[in-house]
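Enquirer: So the number in this note's numbering is just where the residue sits in the sequence shown, counting from 1, plus 182.
Every residue, glycine too, gets a C-beta built ideally from N, C-alpha and C.
Owing to the predicted nature of the structure, the values given are computational and were not obtained by experimental measurement.
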Amino acid sequence: MKLRVVEALSCAGLLALSSCGAPASGALDPPLEGGEVVEPIKASPPFYGDPAHDAVFGVDISHWEGPMAQAEMDCFWDSGVRHVVSGTQVEEVTRQQLAMAVSRGMTVDAYVYLYWTDDIAGQVKEAFKRTAGFPIGRMWLDVEQDPGGLGATELAIRVKAAADACLAEAGAECGIYTGRGFWTGEMADTTQFATLPLWYAHYNLKKELSHWSTESFGGWTEPVAKQWAEEVLCSVGVDKDTMQVVTEPTVVDRSLPPAPSQPPPAPTGLYPADGSRVSLDYVKLMTGLVPHATQYQLALESWDGAAFKPYYTWTRVDGFQKVTPQLENRFYRFRARAQNVHGWGAWSGYSVFEFGKSITAPPSGTPEQPPPPPPPTGGGDFGTLSPNGTTHSSPSVTLSCAAVTSASSYEFTIETSKSGSWAPYVKYTTTGPSRTFYPQLHQTTYRWRVRALVNGAWTAPSYDATFQYQ
183 MKLRVVEALS
193 CAGLLALSSC
203 GAPASGALDP
213 PLEGGEVVEP
223 IKASPPFYGD
233 PAHDAVFGVD
243 ISHWEGPMAQ
253 AEMDCFWDSG
263 VRHVVSGTQV
273 EEVTRQQLAM
283 AVSRGMTVDA
293 YVYLYWTDDI
303 AGQVKEAFKR
313 TAGFPIGRMW
323 LDVEQDPGGL
333 GATELAIRVK
343 AAADACLAEA
353 GAECGIYTGR
363 GFWTGEMADT
373 TQFATLPLWY
383 AHYNLKKELS
393 HWSTESFGGW
403 TEPVAKQWAE
413 EVLCSVGVDK
423 DTMQVVTEPT
433 VVDRSLPPAP
443 SQPPPAPTGL
453 YPADGSRVSL
463 DYVKLMTGLV
473 PHATQYQLAL
483 ESWDGAAFKP
493 YYTWTRVDGF
503 QKVTPQLENR
513 FYRFRARAQN
523 VHGWGAWSGY
533 SVFEFGKSIT
543 APPSGTPEQP
553 PPPPPPTGGG
563 DFGTLSPNGT
573 THSSPSVTLS
583 CAAVTSASSY
593 EFTIETSKSG
603 SWAPYVKYTT
613 TGPSRTFYPQ
623 LHQTTYRWRV
633 RALVNGAWTA
643 PSYDATFQYQ
């Protein structure tokens, strides 16, 4: 389909930044089988923009695509993308997309889709509110909605109101996103806004900004960006752009550390974050990537009013999974772990979140808490365990017990307490009665015990000792 002959449609006769449509990536699909390992997303041959015009390869992402995983953003990078533009229709999606893009070394812009019958200035102010705190280079005014009978003069008045509201905000430039067909038709090819930066849509796969010489309109002498395709990239539905940017990116160290000699540490960067609420129709469980990890497990649990119960566990190579929980308006929690050539590593702590739009009070009952460790009874053959009942902040903690006569090995079992239950963390086997390890979870209570191998048989475990890691 075409919009005014020359621009391809995204949906319902609108340009590709529109707020209509459904996610290209199937966000509402039911969960897959827990044991199935989905193939990793793959980068496209890299495109690096239009260096002759100081323009980079950019993508714009609507709220329909939802939150972005690190694996997806890194795949963008490997495909040559250096700039991301996020829509501002849904705040929780906007802020997550921007945060992930910035953290992975992208520069960022945002756009506000203008609805002609709503408060124009209010829409712009809300867009700035939703992007507050992020290094936005430009706020783009998305001029494409069907005018619904409004003439060119009235549309120009409303675009000017949006531009005035945008220019009144500090911290970002303001620009116009539109297409030649819409502008020459609905806007009567007005030149009133030719002093503002232009980002225009023309889906002819001509990627260089020099093509403006045969595609110009609206009195603009040159554009700063062109949207030239609507495609799937790294399994994400995006619009592809060649864009000049006005901000500097965060430098990200992408060098791979040396191969480890043991299983990976517990993943960090879980999303949804602990204590958050998800008001979308689905949840995208995600974790930060661990160097040299080959796959991840994401274990989801639901609160039934008395306790958290297992819901499902997925094994994924890219560290994320979209799922539509069957039960809305309740609490869920999940955790993650990673695997490398040495095996599965420790589970992360839990991230507890609310799913739904009408949760007005916490669920009945109190989430279960780990039972207190039994008081020391002298430790039997293991003596007094250390540490126990203390707080630590140094990078490493040394677990120790008394030597057991004729013991050839010692097994140290460590657990963590977070969000109401004890969870296995890591297990070590040593030849001596001590073991130094490096806790990865801060503000967490650890519990540990030890047993010994004597004459080929394991003894009963010691009592449990605990310590707090700051």
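1. The beta strand (DSSP E) spanning R512 covers which residue range?
2. Which of helix, strand or coil does DSSP assign to D500?
3. Within 10 angstroms of its Cβ, does Q305 collect 16 or more other Cβ (buried), or is it exposed?
4. As an exercise, report each continuous beta strand (DSSP E) stretch of at least 3 residues that is fully enclosed by the region 436–500, in chain order.
5. Give me, in chain order, the residues of the same chain whose beta-carbon lies closer than 6 Å to that of D456; leave out the 5 immediate sequence neighbours on both sides.
6. Return helix, strand or coil for V657, following the three-state DSSP convention.
7. Using C-beta distances below 6 Å, list every residue in its chain close to H245, excluding the 5 sequence neighbours before and after it, in chain order.
8. Excluding the 5 residues flanking L332 on each side, which residues of the same chain have their C-beta closer than 7 Å to its C-beta?
9. When you measure from the CB of Y651 to every non-hydrogen atom of the ligand SAH, does any distance come out below 6 Å?
10. Return the chain-ordered list of same chain residues with a C-beta closer than 6 Å to the C-beta of Y493, the five sequence neighbours on each side being excluded.
11. Looking at C-beta atoms only, is the number of pairs between the region 364–378 and the region 398–418 that lie closer than 8 Å three or more?
12. Does the beta-carbon of L210 have 16 or more other beta-carbons within 10 angstroms, so that it is buried, or is it exposed?
13. Roughly how far, in whole angstroms, is the beta-carbon of A651 from the beta-carbon of H574, given that I think they are within contact range, below 8 Å?
14. Are at least three pairs of beta-carbons, each pair with one atom in the region 336–350 and one in the region 276–291, less than 8 Å apart?
15. Closest by CA to T366, which one among V325, K389, L391, C348?
16. Touch check for the region 339–348 and the region 382–396: three-plus C-beta pairs under 8 Å?
17. Which first and last residues belong to the alpha helix (DSSP H) in which E273 is found?
18. What's the gap between the Cα of M369 and the Cα of L462?
19. Where DSSP assigns a beta bridge to Q426, which residues make up the other side?
20. Count the other C-beta atoms from every protein chain shown that fall within 10 angstroms of the C-beta of A433, then say buried if there are 16 or more, exposed otherwise.
21. Determine the extent of the alpha helix (DSSP H) in which G367 is found, giving its start and end residues.
22. Determine the DSSP secondary structure at P557, reduced to helix, strand or coil.
23. Just to confirm, is the Cβ distance from G538 to E510 under 7 Å?
24. Using the C-alpha atoms, what's the distance from M425 back to A383?
25. Where does H265 land, buried or exposed, given buried means 16+ other C-beta within 10 angstroms?
26. Can you tell me which of the three DSSP states G538 falls into?
27. Only counting the same chain, and skipping five residues up and downstream in sequence, which positions put a Cβ closer than 7 Å to that of V636?
28. Less than 7 Å separating the beta-carbons of G501 and Y478?
29. By the 10 Å Cβ neighbour count, where 16 or more other Cβ atoms means buried, how is P446 classified, buried or exposed?
30. Rounding to the nearest angstrom, what Cα-Cα distance links V263 and V420 in this structure?
31. When you compare only the Cα positions, how much space is there between I358 and W322?
32. Measuring only the C-alpha atoms, how far is S261 from F564?
33. For my contact list, G319 and A354 are in at a C-beta cut-off of 8 Å; report their separation, rounded to the angstrom.
34. Reducing DSSP to helix, strand and coil, say where A370 ends up.
35. Considering Cα atoms alone, identify which of L467, W526, T289 is closest to V507.
36. With distances taken between CB atoms, is the gap from V290 to L280 smaller than 7 Å?
Expert: Well, looking at it:
1. Note, R512: beta strand (DSSP E), 512–522.
2. The answer is coil: DSSP assigns D500 none of H, G, I, E or B.
3. Q305 comes out buried.
4. Every unbroken stretch of the beta strand (DSSP E) spanning 3 or more residues and falling wholly within the region 436–500 is given here in chain order: 458–460, 465–468, 477–485, 490–498.
5. Once the five neighbours on either side are set aside, the close Cβ partners of D456 are S533, V534.
6. The structure shown does not extend to residue 657, since the chain spans only 183 to 652, so no value can be given for it.
7. So the qualifying residues of the chain are G269, Q271, V272, V275.
8. Hits under 7 Å: W298.
9. No copy of the ligand SAH appears in this structure; indeed no ligand is present at all.
10. For Y493, where only same-chain residues beyond five positions count, the Cβ hits under 6 Å are L482, E483, S484.
11. When C-beta atoms of the region 364–378 are compared with those of the region 398–418, three or more pairs fall below 8 Å, so the two segments count as touching.
12. Confidence at L210 is low in this model, with a pLDDT of 29, below 50, so its placement is unreliable and the value that follows should be read with caution. Counting of Cβ neighbours within 10 angstroms places L210 among the exposed residues, the total staying below 16.
13. Inspection of the sequence shows that residue 651 is occupied by Tyr rather than by Ala. Approximately 5 Å separates the beta-carbon atoms of Y651 and H574; this is inside 8 Å, confirming the contact.
14. Remark: fewer than three beta-carbon pairs, one from each stretch, lie closer than 8 Å, so the region 336–350 and the region 276–291 are not flagged as touching.
15. Proximity to T366 across V325, K389, L391, C348 peaks at V325, based on C-alpha coordinates.
16. Proximity of the region 339–348 to the region 382–396 falls short of the contact definition, fewer than three beta-carbon pairs being nearer than 8 Å.
17. Judged by DSSP secondary structure, E273 falls within the alpha helix (DSSP H) whose first and last residues are 273–285.
18. One Cα belongs to M369, the other to L462, and the distance between them is close to 35 Å.
19. Q426 is bridged by DSSP to A237.
20. The amino acid occupying residue 433 in the given sequence is Val; Ala does not appear at that position. Per the 10 Å Cβ criterion, exposed.
21. Its alpha helix (DSSP H) spans residues 362–367.
22. Residue placement at P557 is poorly supported in this model, since its pLDDT is 40, which falls under 50; the coordinates are not used for a value here.
23. Closer than 7 Å, so yes.
24. The C-alpha of M425 is placed about 12 Å away from the C-alpha of A383.
25. Burial is judged here by how many other beta carbons sit within 10 angstroms of a residue's own beta carbon; H265 has at least 16 and is buried.
26. Assignment of G538 by DSSP, reduced to helix, strand and coil, places it in the coil class.
27. Taken in chain order, the residues that qualify are V586, S588, A589.
28. Closer than 7 Å, so yes.
29. So P446 ends up on the buried side.
30. Their Cα atoms are separated by approximately 11 Å.
31. One C-alpha to the other measures close to 6 Å.
32. Roughly 56 Å separates the two Cα atoms.
33. Their Cβ separation, rounded to whole angstroms, is 6 Å, which keeps G319 and A354 in contact under 8 Å.
34. Here A370 carries a coil assignment [DSSP, helix/strand/coil].
35. Checking the sequence shown, residue 507 turns out to be Pro, not Val. Among L467, W526, T289, the Cα nearest to that of P507 belongs to L467.
36. Their beta carbons are under 7 Å apart, which means V290 touches L280 by this criterion.
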